[in-house]
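Here the structure is laid out as structure tokens; the discussion comes afterwards.
Protein chains: 4
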Amino acid sequence: MSSKTARISTPIILVNFKTYLEATGEKSFELAKIAEEVARETGICIIVAPQTTDIRRIVGGVDIPVFAQHMDPVGAGAYTGHVTAEAIKEAGASGTLLNHSERRLRLSEIDSAIERAKATGLTSVVCANTAQVSAASSALKPNMVAIEPPELIGTGIAVSKAKPEIITNTVSFIRQIDREIIILCGAGITKGEDVSSALKLGTQGVLVASGVVKAKDRRSALLDLVRAALEKA
Amino acid sequence: MSSKTARISTPIILVNFKTYLEATGEKSFELAKIAEEVARETGICIIVAPQTTDIRRIVGGVDIPVFAQHMDPVGAGAYTGHVTAEAIKEAGASGTLLNHSERRLRLSEIDSAIERAKATGLTSVVCANTAQVSAASSALKPNMVAIEPPELIGTGIAVSKAKPEIITNTVSFIRQIDREIIILCGAGITKGEDVSSALKLGTQGVLVASGVVKAKDRRSALLDLVRAALEKA
Amino acid sequence: MSSKTARISTPIILVNFKTYLEATGEKSFELAKIAEEVARETGICIIVAPQTTDIRRIVGGVDIPVFAQHMDPVGAGAYTGHVTAEAIKEAGASGTLLNHSERRLRLSEIDSAIERAKATGLTSVVCANTAQVSAASSALKPNMVAIEPPELIGTGIAVSKAKPEIITNTVSFIRQIDREIIILCGAGITKGEDVSSALKLGTQGVLVASGVVKAKDRRSALLDLVRAALEKA
Amino acid sequence: MSSKTARISTPIILVNFKTYLEATGEKSFELAKIAEEVARETGICIIVAPQTTDIRRIVGGVDIPVFAQHMDPVGAGAYTGHVTAEAIKEAGASGTLLNHSERRLRLSEIDSAIERAKATGLTSVVCANTAQVSAASSALKPNMVAIEPPELIGTGIAVSKAKPEIITNTVSFIRQIDREIIILCGAGITKGEDVSSALKLGTQGVLVASGVVKAKDRRSALLDLVRAALEKA
Numbered sequence: 001m002s003s004k005t006a007r008i009s010t011p012i013i014l015v016n017f018k019t020y021l022e023a024t025g026e027k028s029f030e031l032a033k034i035a036e037e038v039a040r041e042t043g044i045c046i047i048v049a050p051q052t053t054d055i056r057r058i059v060g061g062v063d064i065p066v067f068a069q070h071m072d073p074v075g076a077g078a079y080t081g082h083v084t085a086e087a088i089k090e091a092g093a094s095g096t097l098l099n100h101s102e103r104r105l106r107l108s109e110i111d112s113a114i115e116r117a118k119a120t121g122l123t124s125v126v127c128a129n130t131a132q133v134s135a136a137s138s139a140l141k142p143n144m145v146a147i148e149p150p151e152l153i154g155t156g157i158a159v160s161k162a163k164p165e166i167i168t169n170t171v172s173f174i175r176q177i178d179r180e181i182i183i184l185c186g187a188g189i190t191k192g193e194d195v196s197s198a199l200k201l202g203t204q205g206v207l208v209a210s211g212v213v214k215a216k217d218r219r220s221a222l223l224d225l226v227r228a229a230l231e232k233a
Numbered sequence: 234m235s236s237k238t239a240r241i242s243t244p245i246i247l248v249n250f251k252t253y254l255e256a257t258g259e260k261s262f263e264l265a266k267i268a269e270e271v272a273r274e275t276g277i278c279i280i281v282a283p284q285t286t287d288i289r290r291i292v293g294g295v296d297i298p299v300f301a302q303h304m305d306p307v308g309a310g311a312y313t314g315h316v317t318a319e320a321i322k323e324a325g326a327s328g329t330l331l332n333h334s335e336r337r338l339r340l341s342e343i344d345s346a347i348e349r350a351k352a353t354g355l356t357s358v359v360c361a362n363t364a365q366v367s368a369a370s371s372a373l374k375p376n377m378v379a380i381e382p383p384e385l386i387g388t389g390i391a392v393s394k395a396k397p398e399i400i401t402n403t404v405s406f407i408r409q410i411d412r413e414i415i416i417l418c419g420a421g422i423t424k425g426e427d428v429s430s431a432l433k434l435g436t437q438g439v440l441v442a443s444g445v446v447k448a449k450d451r452r453s454a455l456l457d458l459v460r461a462a463l464e465k466a
Numbered sequence: 467m468s469s470k471t472a473r474i475s476t477p478i479i480l481v482n483f484k485t486y487l488e489a490t491g492e493k494s495f496e497l498a499k500i501a502e503e504v505a506r507e508t509g510i511c512i513i514v515a516p517q518t519t520d521i522r523r524i525v526g527g528v529d530i531p532v533f534a535q536h537m538d539p540v541g542a543g544a545y546t547g548h549v550t551a552e553a554i555k556e557a558g559a560s561g562t563l564l565n566h567s568e569r570r571l572r573l574s575e576i577d578s579a580i581e582r583a584k585a586t587g588l589t590s591v592v593c594a595n596t597a598q599v600s601a602a603s604s605a606l607k608p609n610m611v612a613i614e615p616p617e618l619i620g621t622g623i624a625v626s627k628a629k630p631e632i633i634t635n636t637v638s639f640i641r642q643i644d645r646e647i648i649i650l651c652g653a654g655i656t657k658g659e660d661v662s663s664a665l666k667l668g669t670q671g672v673l674v675a676s677g678v679v680k681a682k683d684r685r686s687a688l689l690d691l692v693r694a695a696l697e698k699a
Numbered sequence: 700m701s702s703k704t705a706r707i708s709t710p711i712i713l714v715n716f717k718t719y720l721e722a723t724g725e726k727s728f729e730l731a732k733i734a735e736e737v738a739r740e741t742g743i744c745i746i747v748a749p750q751t752t753d754i755r756r757i758v759g760g761v762d763i764p765v766f767a768q769h770m771d772p773v774g775a776g777a778y779t780g781h782v783t784a785e786a787i788k789e790a791g792a793s794g795t796l797l798n799h800s801e802r803r804l805r806l807s808e809i810d811s812a813i814e815r816a817k818a819t820g821l822t823s824v825v826c827a828n829t830a831q832v833s834a835a836s837s838a839l840k841p842n843m844v845a846i847e848p849p850e851l852i853g854t855g856i857a858v859s860k861a862k863p864e865i866i867t868n869t870v871s872f873i874r875q876i877d878r879e880i881i882i883l884c885g886a887g888i889t890k891g892e893d894v895s896s897a898l899k900l901g902t903q904g905v906l907v908a909s910g911v912v913k914a915k916d917r918r919s920a921l922l923d924l925v926r927a928a929l930e931k932a
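Residue numbers (the working numbering), protein chains in the order written: chain A, 1 to 233; chain B, 234 to 466; chain C, 467 to 699; chain D, 700 to 932.
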């Protein structure tokens, strides 16, 4: 792993910027700066996942791990319009989300992308929509699996409160296959108590997007999540 | 399970008709008839997987299990142009291949399609291109997993001879996750000895396509495979 | 063209069975029989588009044109799980829908599928979601283009009443490119007056699905549409 | 259009960096610098299309039009892992390729992406694999259409020499639909004479990738192409 991924510690707050205008271009840099400050003040590991166009700029000015939101399972060569491990690594990313519910991949593509991530020294986080899919994802040996029931994404109804059994099943299924892999959960996370529940249920962190990106006070929203993580850390 | 799937026993010879003209329409029926005769004479379980257009006709005149080659993870409703579990079940199929290397599915689609197959009483066979993908597939709890390295498909170079370690890895990885699931292997299978090797390596059967469909004497080609299975049965 | 496609005359009522249970298996045959009777009694051209599994059976007992709902742009060979022109032709279909909003294709795939349909003697109907896409589709020289705004599909709000400008734009754009191609419209068609409006706006027929398939009295529903077409014929 | 797209003039040399390592990161900047120098010295319009991760950096230091290689037909919002018009515009791109043969799009996606490009002030270049697809693409009203037979891409056998009839058909078909649209051609372009042929056949420029990116002397390779364009300019 690169030096930046080495800095990853649990619990993890991973902030997905999606393609929100509130986290595009200059605004993505501002949000990453806030995340860096909160991470430094609290010691909690915050990872940001901006759009591909913004990776290099954020890495240039912010000292926390930066992940891509997606990576294609192809390498250098005649692959017009694809996002390669080589490109995001060169831009400074230290990891990538894979198979987010808004960007689903074929099973064989996830396998291939994880291999490419490993070969390039990138941390891979496979997103999954069910406990079974989480288990299957863990069998591919990524660094992390993130369970996110798509029906709760963007609702503000936290998966850790509304569907705790999905998380406990995910943890249980994955742990039968892999003892070490980091398990995150996401969907509807907006408050500190959502993070507390998630950690209590056996995960090592959360994925959050609109709950921070579209918050009126983004620093406060992030701090609220981080403080809940601190209790556990 | 339906009465037809109940008749499935190992070892299994699963013949994939693909879209070969030699196994389309009237010719698909003739080939299914040959498979039925060989199955009856030898007692070995032969499953045929014709094109969707030919399922009903074959089921109407041939008394061996008939599988679809693919099924979409959608149900009855406004899904123009899709192949549903309900439709292939109604046509008489008792199972389906999923995620063949020529028809790859997203991970979440495979999970959903397996659920639909179960709910409809269809046997599901997930195809996988690597040992890792095989393991991941088994975590989704289909009835069978078939390992098929795509680079050997159609070559006549049997996976069980050319890449035995892929099969042993697949068996080993899957057995850590599931003790019961039926494991098949395919790609390049044309001769009885390919089947023998496959079974010795720990699988419960083979997937074969051009090796039978495009053989000069299809009955002989199939008999050769079945005799090798008989030794093991 | 085959003898069956030769029987196509305008105006056209094309009934898409989708994957509705009310039009699957035995029920698809019953519905096709109703369509045949109404077509014979009135002389209006009714085309049915059942699921692939039901094509052969309907063609075997019903004497009206039968279309597939989708066709893949691949031919005979190693294409597991695909629907080829050869297969649906052999099953007795005389045409196919392409690019339905529930089964969108890549531009190059539509081009290739039209070529395959022509080579096999199948009538091709490309579905389009906007007037621009309709114009683009007509440049690929299929036999018919069907404009269907997806937001109205299944609503019962007829495109010909709710968005007449989409139809007039479609007709205008297409006619600048091709004088001959048959233009259909669909989405929300349930009543005779929807057909009348569609024909007055310059189309040569309609695509209808739930308006007939899910009607309480399917024969009456179809007759209502056909009578409106008769006035124009 | 933005001030940068306003600077586009024909004939055009569009250099697609694909995901070649020779045009990734720092090396993409170097290649863009070479393109800028050649453009300044000769007055010929050279457009570069680097990977998304490199757009901002190149725009920051190089004063020629920079295009994305691909753009998704989605906007700002919950679209994890997508490349939006807003993001590439904000990064400084003034246009985008769409539907490259290595990144094919659905017909409806091309239509939607062109709309989004227009709304954002980005120049759109739709790539097409046949003359029919070129005509269809022009009906969608992008700013440019680029005909590229995929079988010649990367071969060094120039489309303008090997298949001139594809280009003349493309020009003829498009001009029946649109008098103004800029027509490019690509695939196998490596030498000045390939550009001369392309322009003589009625195009307004070329798409080139490996012919420049992987040339031993990239400046010389580009100059060779540009000089041929100069004769025509």
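Even for Gly, the Cβ is constructed at its ideal location relative to N, Cα and C.
All figures in this text were calculated on a predicted structure; none of them were measured in a lab.
Item: Beta-carbon proximity check, A/L31 vs A/A146, cutoff 9 Å; Value: no
Item: D/R739 classed as buried or exposed, judged by whether at least 16 other C-beta atoms fall within 10 angstroms; Value: exposed
Item: CB contact below 9 Å: A/E30 versus chain D; Value: no
Item: Status (buried if at least 16 other CB within 10 Å, exposed otherwise) for A/I12; Value: buried
Item: Collapsed DSSP secondary structure at D/G901 in the structure displayed; Value: coil
Item: Proximal residues to D/S859 (C-beta, below 7 Å), its chain only, five neighbours per side dropped; Value: I866, C884, D893, S896, A897 and L900
Item: Neighbouring residues, chain C, relative to B/N249 (Cβ below 9 Å); Value: T546
Item: Proximal residues, the segment 838-869 of chain D versus chain C, C-beta separation under 9 Å; Value: A838, L839, K840 and P849
Item: Environment of A/D63 [buried if 16+ CB atoms lie within 10 Å]; Value: exposed
Item: N- and C-terminal bounds of the alpha helix (DSSP H) containing A/A215; Value: Note, A/A215: premise wrong, no alpha helix (DSSP H); not H, not E.
Item: Collapsed DSSP secondary structure at C/R572 in the structure displayed; Value: strand
Item: Spatially closest choice to B/K465 from B/S341, B/S453 and B/T436, by CA coordinates; Value: B/T436
Item: Cβ of C/I573 within 9 Å of any chain D Cβ; Value: This sequence places Leu at residue 573 of chain C; Ile is not what is there. True, the Cβ-Cβ gap to chain D drops below 9 Å.
Item: Contact check, A/A87 vs D/Q750, beta carbons under 9 Å; Value: yes
Item: 8 Å CB neighbourhood of B/L385 in its chain, flanking five on each side removed; Value: A391, V392, A395, K396, A420 and G421
Item: C-alpha distance - C/L606 paired with C/D520, whole-angstrom precision; Value: 29 Å
Item: Backbone CA spacing between B/L458 and B/I280 [nearest angstrom]; Value: 13 Å
Item: First and last residue of the uninterrupted beta strand (DSSP E) at B/S261; Value: Premise fails: B/S261 lies in the alpha helix (DSSP H), E259 to T275, not in any beta strand (DSSP E).
Item: For D/A812 and C/A687, the rounded distance between their alpha carbons; Value: 39 Å
Item: Three-pair Cβ contact test at 8 Å for the segment 18-27 of chain A versus the segment 767-779 of chain D; Value: yes
Item: Same chain, Cβ closer than 7 Å to D/L929, five either side skipped, listed in chain order; Value: T741 and I743
Item: C/F533 in three-state terms, based on DSSP; Value: strand
Item: Coarse secondary structure for C/V674, derived from DSSP in three states; Value: strand
Item: Nearest-angstrom Cα separation, counted from A/V133 out to A/R175; Value: 13 Å
Item: Contacting residues, own chain, Cβ-Cβ under 8 Å from A/L107 (five flanking each side not counted); Value: A136
Item: Below-9 Å beta-carbon distance, D/S836 vs any chain C residue; Value: yes
Item: Nearest residue (CA-CA) to D/F872, options D/G910, D/A827, D/A775 and D/I733; Value: D/A827
Item: CB contact below 9 Å: D/S871 versus chain A; Value: no
Item: Residues near C/R522 by beta carbon distance below 8 Å, same chain, minus five either side; Value: A557 and G558
Item: Identity of the residues DSSP links to A/N129 by a beta bridge; Value: In the DSSP output, where bridge partners are listed per residue, A/N129 has none listed.
Item: Beta-ladder partner(s) of B/L417, from DSSP; Value: B/A379
Item: Residues that DSSP places opposite B/T329 in a beta bridge; Value: B/A301 and B/S357
Item: Extent of the continuous beta strand (DSSP E) run through D/I745; Value: C744 to A748
Item: Three-state class that DSSP yields for D/L713 in the structure shown; Value: strand
Item: Chain B residues whose Cβ lies nearer than 7 Å to that of A/I177; Value: A372 and I410
Item: Distance between beta carbons of C/S590 and C/P608, contact taken as under 8 Å; Value: 4 Å
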